[in-house]
Amino acid sequence: MRRVYALDKRGIIPEVLTAFTYLQFLKIDQNYFTGPLPVFIGNLTALQLLSIAHNAFSGPIPPELGRLTALTMLSLGSNNFSGTLPPELGDLVNLEQIYINSCGAGGEIPPTFAKLRNMRIMWAADSPFTGKIPDFIGSWTQMTSLRFQGNSFEGPIPSSFSNLTSLTSLRISDIYNVSSSLDFIKNLKNLTDLSLRNALISGGIPTDIGEYRQLRTL
1 MRRVYALDKR GIIPEVLTAF TYLQFLKIDQ NYFTGPLPVF IGNLTALQLL SIAHNAFSGP
61 IPPELGRLTA LTMLSLGSNN FSGTLPPELG DLVNLEQIYI NSCGAGGEIP PTFAKLRNMR
121 IMWAADSPFT GKIPDFIGSW TQMTSLRFQG NSFEGPIPSS FSNLTSLTSL RISDIYNVSS
181 SLDFIKNLKN LTDLSLRNAL ISGGIPTDIG EYRQLRTL
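Here the UniProt record's numbering is used: position 79 in the sequence shown is 79, and no number is missing along the way.
So, in structure tokens, the structure goes:
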């Protein structure tokens, strides 16, 4: 068995899933699952996709998820998790997409995430993340979409973001304490969507803004 899809399911995830050792895709989003996310999920090491968004999972995100090193996509958004992101998630070095928007977890982005150099999409809106936006994100040069909105990050926006030349969508809002110039967008000529609401942007608009020919939303 390689795929599991569920509709209108409730309660907790049954431990019988541990029998599916070759499971590659586990997609149970938009259901009514509750309680902690079981740690035995970390034993499903063949998983390439884990999507549990839009449920009512609570408690901490299990550090055992760091065992799922084949994952390319992890979606935890729209749940009721608490605590912080476990540093073990930094071991998911094949991860290309992570969705932690409205997941409930907060605190600082773990420094172990610096290892996630294959990241293409990171959505982290409307979760109580704090501290500074990590400078190491500027080394994720395959990134195409990044969303930090409705968080509690402090500025400035890292200048290393100018390395993210593959970005097509960048949404950052609600930055506190320290202002940022727009220098970080100087090389981001592939942007089609740029939103910097309440981001404490200072200084002038870049003189080469006319070269951003793909930009549709500002």
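We put the beta carbon where it would ideally sit given N, CA and C, even for glycine.
In this text, all values refer to a predicted model and were calculated from it rather than measured experimentally.
Alpha-carbon spacing of residue i relative to residue j, whole angstroms
i: Thr-117; j: Ser-139; result: According to the sequence shown, residue 117 is Arg rather than Thr. One C-alpha to the other measures close to 7 angstroms.
i: Lys-186; j: Phe-20; result: 48 angstroms
i: Ile-137; j: Leu-74; result: 17 angstroms
i: Pro-158; j: Gln-30; result: 35 angstroms
i: Asn-94; j: Phe-113; result: 12 angstroms
i: Glu-96; j: Thr-141; result: 12 angstroms
i: Lys-132; j: Arg-216; result: 28 angstroms
i: Thr-45; j: Thr-69; result: 7 angstroms
i: Gly-210; j: Ile-201; result: 19 angstroms
i: Pro-206; j: Ser-195; result: 15 angstroms
i: Gln-48; j: Thr-18; result: 15 angstroms
i: Phe-33; j: Leu-182; result: 43 angstroms
i: Asp-208; j: Leu-164; result: 17 angstroms
i: Glu-108; j: Glu-88; result: 14 angstroms
i: Glu-15; j: Ile-41; result: 9 angstroms
i: Cys-103; j: Tyr-22; result: 27 angstroms
i: Met-1; j: Leu-50; result: Summary for Met-1: the model assigns pLDDT 44, below 50, so the residue's position carries little reliability; its value from the coordinates is reported in the next sentence. The straight-line gap from Cα to Cα measures roughly 15 angstroms.
i: residue 250; j: Phe-57; result: Any property of residue 250 remains undetermined from this structure, which presents the chain solely from 1 to 218.
CB of residue i within 9 angstroms of CB of residue j, strictly
i: Ser-127; j: Gly-106; result: yes
i: Phe-153; j: Tyr-176; result: yes
i: Leu-146; j: Ile-172; result: yes
i: Gly-155; j: Val-178; result: yes
i: Asn-151; j: Phe-129; result: yes
Per DSSP, cross-strand counterpart(s) of residue i
i: Thr-84; result: Gly-106
i: Arg-147; result: Trp-123, Arg-171
i: Tyr-22; result: DSSP lists no partner for Tyr-22.
Assumed close pair residue i, residue j - CB separation to whole angstroms, cut-off 8 angstroms
i: Gln-214; j: Asn-198; result: Actually they do not touch by this definition, with Cβ atoms about 24 angstroms apart.
i: Gly-59; j: Ser-82; result: 6 angstroms
i: Gly-35; j: Ile-61; result: At roughly 13 angstroms, the Cβ-Cβ gap does not stay under 8 angstroms, so Gly-35 and Ile-61 are not in contact.
i: Leu-71; j: Ala-53; result: Actually they do not touch by this definition, with Cβ atoms about 15 angstroms apart.
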